[in-house]
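See below for the structure under consideration.
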Amino acid sequence: MKRTIKKVMLIVNMHKTDASELTREIEEYLEGKGIETVVVGFLGKPENPDVKDVDFVFSLGGDGTVLYCARIVESTGIPILALNLGNFGFITEISKHEWKSAFERFEKGEACLSRRIMLKVVVERGGRKIASFKGLNDAVISSEG
Numbered sequence: 075m076k077r078t079i080k081k082v083m084l085i086v087n088m089h090k091t092d093a094s095e096l097t098r099e100i101e102e103y104l105e106g107k108g109i110e111t112v113v114v115g116f117l118g119k120p121e122n123p124d125v126k127d128v129d130f131v132f133s134l135g136g137d138g139t140v141l142y143c144a145r146i147v148e149s150t151g152i153p154i155l156a157l158n159l160g161n162f163g164f165i166t167e168i169s170k171h172e173w174k175s176a177f178e179r180f181e182k183g184e185a186c187l188s189r190r191i192m193l194k195v196v197v198e199r200g201g202r203k204i205a206s207f208k209g210l211n212d213a214v215i216s217s218e219g
């Protein structure tokens, strides 16, 4: 089933080589198709961009960038296409050269989507919550001392 996409958000790790060039390439392609684009430059500090009316998210970076994207869209059901701009990625398997064909397969309804569950980890001490974290693929428990 063909999907209608009107608005796409690009969340871009600006520390990655080729991030700006690839962002421009994707923006030009989407705008040529009449799709509104919103670019969020990710510099490592968490923000909460408005995902209202967003139909699709591109994550340009590495695993950390896609984890950030997952936190932003966690309860919306908005699909994320994670592009790997580094050397290795557990989550980001699609290279910067494959983005267009992956997006077109999604648009045509030919892409396989996998739903992921977000984990919420709460740290308590003395019966009081002292910290809370969210994760996509794992949580690490460690102790100092």
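The sequence shown maps to residues 75 to 219 in our numbering. Heads up, the beta-carbon is just placed ideally off N, CA and C, and yes, glycines get one too. Being a predicted model, the structure only gives us computed values, none of them experimental.
Supposed close pair residue i, residue j - CB separation, criterion 8 Å
i       : j       : result
Ile-152 : Asn-122 : The pair is not a contact, with the Cβ atoms about 14 Å apart (cut-off 8 Å).
Lys-208 : Tyr-103 : 32 Å between Cβ atoms; not a contact.
Val-112 : Met-88  : Contact doesn't hold; Cβ gap of about 15 Å is too wide.
Option in the options with minimal Cα separation from residue i
i       : options                               : result
Asp-129 : Phe-180, Leu-141 and Ile-168          : Phe-180
Gly-138 : Ile-154, Phe-132, Thr-150 and Gly-118 : Gly-118
Val-91  : Glu-110, Gly-108, Gly-135 and Lys-76  : Reading the sequence as shown, one finds Thr at residue 91 and not Val. Among Glu-110, Gly-108, Gly-135 and Lys-76, the Cα nearest to that of Thr-91 is on Gly-135.
Ala-93  : His-171, Phe-207, Ser-216 and Leu-193 : His-171
Ser-216 : Arg-202, Val-197 and Phe-132          : Val-197
Arg-77  : Ala-185, Val-114 and Lys-203          : Ala-185
Leu-16  : Leu-96, Arg-199 and Lys-208           : Coverage of the chain is limited to positions 75 through 219, which leaves residue 16 absent and any answer about it impossible.
Val-86  : Val-114, Glu-105 and Arg-98           : Val-114
Val-214 : Gly-201, Lys-194 and Arg-98           : Lys-194
Leu-141 : Met-88, Val-82, Lys-107 and Met-192   : Met-192
Val-131 : Ile-204, Ile-79, Leu-155 and Gly-108  : Leu-155
Thr-150 : Asp-127, Ser-206, Glu-105 and Phe-207 : Asp-127
Gly-106 : Lys-81, Gly-201 and Ile-204           : Lys-81
Leu-210 : Cys-143, Val-125, Ala-176 and Leu-84  : Cys-143
Ile-100 : Val-125, Asp-124 and Phe-177          : Phe-177
Met-75  : Lys-182, Glu-218 and Ser-206          : Lys-182
Glu-148 : Gly-201, Asp-124, Arg-98 and Gly-108  : Asp-124
Ile-79  : Leu-157, Glu-110 and Phe-116          : Glu-110
Ser-169 : Phe-116, Ser-133 and Arg-199          : Ser-133
Simplified DSSP state of residue i, which is helix, strand or coil
i       : result
Ala-93  : helix
Leu-141 : helix
Ala-213 : coil
Leu-202 : As written in the sequence, residue 202 is Arg, which differs from the Leu given in the question. Here Arg-202 sits in strand by DSSP.
Lys-81  : strand
Ser-149 : coil
Ala-156 : strand
Lys-208 : strand
Lys-174 : helix
Secondary structure, beta strand (DSSP E): runs of 3+ residues fully inside the region 104-135: As far as the region 104-135 is concerned, its whole beta strand (DSSP E) runs of at least 3 residues are 110-116 and 130-135.
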